[in-house]
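**Student:** In the working numbering, the protein residues as written are 4 to 551.
Virtual Cβ for every residue (Gly too), placed ideally from N, Cα, C.
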């Protein structure tokens, strides 16, 4: 994406930092994404300016990083959005940083950084706070965590426009799913706002976010990870309501994922689509068909593909939609064949990723968590053999990334600040939630204990968690109260199994091919156990009695 710039970009790696140390120059780290419109604008308006480019080439070591391909670099140096413009000492510590900089702003910052470097050198650099304060405050898991999150959602709920917060407005699929079970009216009004404002009614798929409270100022990039998560969220709303107004957005998004974002060469989903022309939707059908399609980043990444697999199979579980199942199975085969080895999930199907000292792909917590969640969904819905892969991913994550009572985002090694430990809350929560599912599916209580310890490791700060971390409260509730588990003695696909999947609690775990007599099922919630059911109607009654 740097074709228009005049900057002599280096790749992320030890060589760039060695060059900076030898020349006694700061590093300019530019964090960008292929789908990021402002990144392209900065290339065209700032980095293409000859004098700025010459200044950078002469006095700095410029390094360009694609944040989708180097997530650990993104998480350590992100200045709050993309592009991020970060100035580093040769040891990787941060001198200063900003977001988008136009030509005038860049000139001022370059002068300031040069003066800072000449007077203080590396003494002006700092390690960001999240990397200095390694251990989160631990605490006890209580029912108040769920109630506290519901209170946050209620307090930040936008009665007028729907959704949560003032601006910008993100779809927040985890918050949608949390609210769906606890405040249906608030949840469904927010679902309605997301589908009315962020769903591309012409080409399908959800836009990333809107800049303004009323959902205007659309940011038209479409990312696989958010679209996969929203397929699942809308499928779960359809499960609860039975209404096509929630099924249709999921179906339209699946159509988008399996056409525009499908990478047919490798049988998997591409990563993203850049924003299109905002005026294109005002054209008639003929002119729109002749217009250039926004470019697609064809890179195949494990975590986003796992989210898509999870979403498609959740939709399939409630609808029997064969297209959703077929594409999920194709992407799953690629994930297993090309990205999964001995429980370690490679980040991408390309060479531009971080590797360990032996040249093997680094296990990254987000990829491990998302893949584990997808595999537990596979085991619950279509293929019990996936349980072995799920256990392998969980065991590799525990073996390689568990540290204290929680998990690191990756091995504490690498260039810059990548050798500093980082414990991302969202990825820890996602892993804990998936471990709860795995414990129910496998009968291995140790996975549940790892989930408990992980959630407890952050519980001391739970009152400060925003609605973006609603999954923390979901996982805590599932751990303390359940989850609802339905064990079916039949293989996936039987009438009894299909009925179990469609019981209206999207936080449940369905265990097919359980150690039960064929043709029977039973529900469990904590220590409570239902009567044995032999028909879908009997199972529905048994589950309802258990919940009552």
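Please report the residue range of the beta strand (DSSP E) in which residue 90 lies.
**Tutor:** 87 to 91
**Student:** Determine, using beta carbons only, whether residue 1 and residue 485 come nearer to each other than 8 Å.
**Tutor:** Only positions 4 to 551 of the chain appear in the structure, and residue 1 is not among them; the question remains open.
**Student:** Assuming contact is defined by CB atoms lying nearer than 8 Å, are residue 65 and residue 11 in contact in what I supplied?
**Tutor:** yes
**Student:** What did DSSP end up calling residue 462 once you bin it into helix, strand or coil?
**Tutor:** helix
**Student:** Please determine, among 81, 343, 314, 342, the residue with the shortest C-alpha to C-alpha distance to residue 329.
**Tutor:** 314
**Student:** If distances are taken between C-alpha atoms only, which option among 341, 436, 543, 425 comes closest to residue 130?
**Tutor:** 425
**Student:** With H, G and I counted as helix, E and B as strand and the rest as coil, what does DSSP make of residue 497?
**Tutor:** Judged by DSSP in its simplified three-state form, residue 497 adopts coil rather than helix or strand.
**Student:** Which full runs of the alpha helix (DSSP H) of 4+ residues lie inside the stretch 209 to 262, going along the chain?
**Tutor:** Fully enclosed alpha helix (DSSP H) runs of 4 or longer: 227 to 244, 247 to 260.
**Student:** Just to confirm before moving on: does the CB-CB distance between residue 156 and residue 381 stay below 8 Å?
**Tutor:** no
**Student:** Using the three-state DSSP reduction, which class does residue 139 fall into: helix, strand or coil?
**Tutor:** coil
**Student:** According to the Cβ coordinates, are residue 148 and residue 476 closer than 8 Å?
**Tutor:** yes
**Student:** What separation, rounded to the nearest whole angstrom, lies between the Cα atoms of residue 173 and residue 108?
**Tutor:** 28 Å
**Student:** Taking the alpha helix (DSSP H) that residue 182 falls in, what are its first and last residues?
**Tutor:** Unbroken alpha helix (DSSP H) run through residue 182: 176 to 185.
**Student:** Can you give me the C-alpha to C-alpha distance between residue 18 and residue 133, rounded to a whole angstrom?
**Tutor:** 26 Å
**Student:** Which residues in the same chain have their Cβ closer than 7 Å to the Cβ of residue 249, if we skip the five residues on either side of it in sequence?
**Tutor:** Once the five neighbours on either side are set aside, the close Cβ partners of residue 249 are 194, 237, 240, 241.
**Student:** Is it buried or exposed, residue 554, if we count other Cβ atoms within 10 angstroms and call 16 or more buried?
**Tutor:** For residue 554 there is no data in the structure shown, the boundaries of the chain being 4 and 551.
**Student:** Apart from the five residues just before and just after residue 336, which ones in its own chain have a Cβ nearer than 7 Å to its Cβ?
**Tutor:** Around residue 336, the same chain offers 270 as residues with beta carbons nearer than 7 Å, after the five sequence neighbours per side are excluded.
**Student:** Nearest-angstrom Cα distance between residue 499 and residue 521?
**Tutor:** So the two alpha carbons sit approximately 10 Å from each other.
**Student:** Could you check if residue 511 is buried or exposed, using at least 16 other CB atoms within 10 Å of its CB as the buried criterion?
**Tutor:** Buried is the call here.
**Student:** Using DSSP with H/G/I as helix, E/B as strand and the rest coil, what is residue 38?
**Tutor:** coil
**Student:** Could you check whether the stretch 64 to 79 touches the stretch 109 to 124, counting it as contact only if at least three pairs of C-beta atoms, one from each stretch, sit closer than 8 Å?
**Tutor:** no
**Student:** With burial defined as no fewer than 16 other Cβ atoms inside 10 Å of the residue's Cβ, what is the status of residue 371: buried or exposed?
**Tutor:** buried
**Student:** Per DSSP, what kind of secondary structure is residue 101 in: helix, strand or coil?
**Tutor:** strand
**Student:** Would you give the residue range spanned by the beta strand (DSSP E) that residue 66 belongs to?
**Tutor:** 64 to 69
**Student:** Can you tell me which of 235, 93, 307, 298 puts its alpha carbon nearest to the alpha carbon of residue 178?
**Tutor:** 235
**Student:** For residue 205, count neighbouring Cβ atoms within 10 angstroms of its own Cβ and tell me buried if that reaches 16, exposed if not.
**Tutor:** exposed
**Student:** Put residue 301 into one of helix, strand or coil per three-state DSSP.
**Tutor:** coil
**Student:** Helix, strand or coil for residue 123, going by three-state DSSP, please let me know.
**Tutor:** helix
**Student:** Would you mind sorting residue 7 into buried or exposed? The rule is 16 or more other CB atoms within 10 Å of its CB.
**Tutor:** exposed
**Student:** With three or more C-beta pairs closer than 8 Å as the rule, is the stretch 537 to 549 touching the stretch 407 to 415?
**Tutor:** Segment contact: the stretch 407 to 415 against the stretch 537 to 549, fewer than three CB-CB distances shorter than 8 Å; contact not assigned.
**Student:** Which class does residue 329 belong to by DSSP, given the choice of helix, strand or coil?
**Tutor:** In the structure shown, the three-state DSSP call for residue 329 is helix.
**Student:** Is it buried or exposed, residue 219, if we count other Cβ atoms within 10 angstroms and call 16 or more buried?
**Tutor:** exposed
**Student:** With DSSP as the reference, identify every bridge partner of residue 406, one or two as the case may be.
**Tutor:** 409
**Student:** Kindly confirm or deny that the stretch 318 to 329 and the stretch 242 to 261 touch, where touching means at least three C-beta pairs closer than 8 Å.
**Tutor:** yes
**Student:** Evaluate contact between the stretch 452 to 463 and the stretch 157 to 164, counting only Cβ atoms and requiring at least three cross-stretch pairs below 8 Å.
**Tutor:** no
**Student:** If you draw a straight line from the C-alpha of residue 429 to the C-alpha of residue 169, how long is it?
**Tutor:** 22 Å
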